[in-house]
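Numbering (UniProt numbering), first residue to last: 1 to 427.
We put the CB at the ideal spot given by N, CA and C, even for glycine.
Note that the structure is a prediction, hence the values are computed from the model and not measured.
For reference, the structure is listed below as C-alpha cells.
Right, here's the structure in full:
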C-alpha cells in the first residue's frame, strides 16, 4: 500500500515555531524596547511596556524560558531607570517593578498550563493514531489481480481519524473484496459506528457471504450492534433482524451464486429475535437514541479472481470512477439503494452492477467529503473532471495528485473527512 492511515493537513514545521528562534525573538523585542527607552532619555520613558514581553512570551515559550524573560525584564527596567538618572526609590519605580513581578508570575503559570495542555493534546493524538491503526487496518499492496493504494484525510487538524472507513478481504468467489463507507455525523460517535461496521464486514468475509446478500448482512449486523450499544433491549431485537436476506433460497444460495448468510450468526437466528421489542418500540433504555439514528453510506466491490470483471453493490454512496485509457466513467448504480442502517425502512433484493475490467484499468472509490469540498466561490470539487488529467498516473500517484489538488481547492480547509482507495488491475 502506497499510502495508508490518516494524513494530517499541516505538513512540515514552520521555522518561526522553533523554540530557540522564538526565544531569540523575545530577547530581541526586549532589547529593542530597552534601546528605545535609554536613547530617548527622560523625554521618552517606556519601561512600563517591558512587562508585555514575558506576557506575550507565555503564548509560545515554556515556563522556564518565560521565567528567564521575567528576570531579564525586571533587570531591564532597573537598568533603564538607572541609566536615565531616575531615582530608584521614586513612587513609580516600585509600582512598575511590582507590576512586572505580578505579570511575570502570571505569565509563568500561563506557560505552564499551556505546556500541560499541549502534552495532553499530543497524548490524545497518539490515542487517535492507535485507534486509526486498529480500525483502518493497512490495506495490502496487492490482492489477487489488483494493486491497492489508499489515503485518509481527517477534516479536523487535531484529529487523525473520523467516520470514513475502508477495508479489504477475499470474496466468496476467491477474488478481492473492498468496502468503502462514510458514517453519518462526526466525532467519536461516528468513529464508534465505523468500528462496528468494520467488525460486521470482517465477520462477513470470514463467513463467505455472497455480494448480493452482503448489504443485508451488514445492515442487520450494524443495526443489531447499534441497538446493543444504545442499550435498547436485546441487540437481536431490531426491526427486520429475523428476516432472511431477500433473494436467498433455503439451501443458502442466492441469485448471485454464493452463500447468503452465516446461519450461525445470532443476528439471523429467528429464535433469537424474541418478541421484536426493545429497539423497535423505544423501550429498554433512556439513552443512545443517536446511535439508532446513525446510518452509513457504503460501496462494496468484488473483483473476479482473474480480474476480468468487477461487481458493485452501492448503498447510497457516491459512484466509483473507472479510469480506462484517457476516459473517466462514473459507475452509477442502476437502482438507488438505501444506506446501511436503514434496512428496517426498506431492504429489497440488492441490485448488483457488473462491469468489465481490463488490464491497466483503475477503479477509484471515495467518500463524499471529496466531492463536497468547496472553493472560495462555493463550487463543489469536480472530481471526475480533475481525474481526467491524471489518467496515466499510477494509483499511488493519482491519490497524491487528488490530495494536493483538494487542499489547494478548498477555501477554508476540508469540511469533512476524506477516504479514497484506488485499485488497478495488473494481470
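Can we say the stretch 358-368 touches the stretch 313-327, given the rule of at least three CB pairs closer than 8 Å?
Contact between the stretch 358-368 and the stretch 313-327 is present: three or more C-beta pairs spanning the two stretches fall below 8 Å.
Can you tell me where the beta strand (DSSP E) with residue 381 in it begins and where it stops?
It is not in any beta strand (DSSP E) - residue 381 carries neither H nor E in the DSSP assignment.
Own chain partners of residue 218 with C-beta closer than 6 Å, once the 5 adjacent residues on each side are dropped
200 and 340
Identify the continuous alpha helix (DSSP H) that holds residue 210 and give its terminal residues.
It is not in any alpha helix (DSSP H) - residue 210 carries neither H nor E in the DSSP assignment.
Flag this pair as yes or no: are the beta carbons of residue 103 and residue 67 separated by less than 9 Å?
no
One or two residues paired with residue 310 in a DSSP bridge
For residue 310, which the question treats as bridged, DSSP gives the partners 303 and 355.
Put residue 150 into one of helix, strand or coil per three-state DSSP.
strand
Pick from 150, 119 and 224: whose alpha carbon is nearest that of residue 402?
For the residues 150, 119 and 224, the minimum Cα distance to residue 402 belongs to 150.
Evaluate contact between the stretch 136-156 and the stretch 174-183, counting only Cβ atoms and requiring at least three cross-stretch pairs below 8 Å.
yes
Which value, in whole angstroms, describes the spacing of the CA atoms of residue 50 and residue 410?
42 Å
Continuous beta strand (DSSP E) stretch holding residue 423: start and end
If you look at residue 423, you'll find it in the beta strand (DSSP E) that goes 418-425.
For residue 308, which residues in the same chain have their Cβ closer than 8 Å to its Cβ, ignoring the five residues on either side in sequence?
356 and 357
Please look up how many angstroms separate the CB atoms of residue 312 and residue 353, rounded, as I've assumed it's under 8 Å.
Yes, they are in contact, since the Cβ atoms of residue 312 and residue 353 sit about 5 Å apart, within 8 Å.
Which whole-angstrom value describes the C-beta separation of residue 386 and residue 405, a residue pair presumed to lie in contact below a C-beta threshold of 8 Å?
6 Å
Would residue 432 and residue 216 qualify as a contact pair, given that the criterion is a beta-carbon distance under 9 Å?
Residue 432 lies beyond the residue range present for the chain, which begins at 1 and ends at 427; the question has no answer from this structure.
Spatial neighbours of residue 301 in its chain, beta-carbon cut-off 6 Å, leaving aside the 5 residues before and after:
Correct list, in chain order: 178, 310 and 312.
Residue 38 vs residue 79 beta-carbon contact at 9 Å
Yes, Cβ-Cβ distance for residue 38 and residue 79 is below 9 Å.
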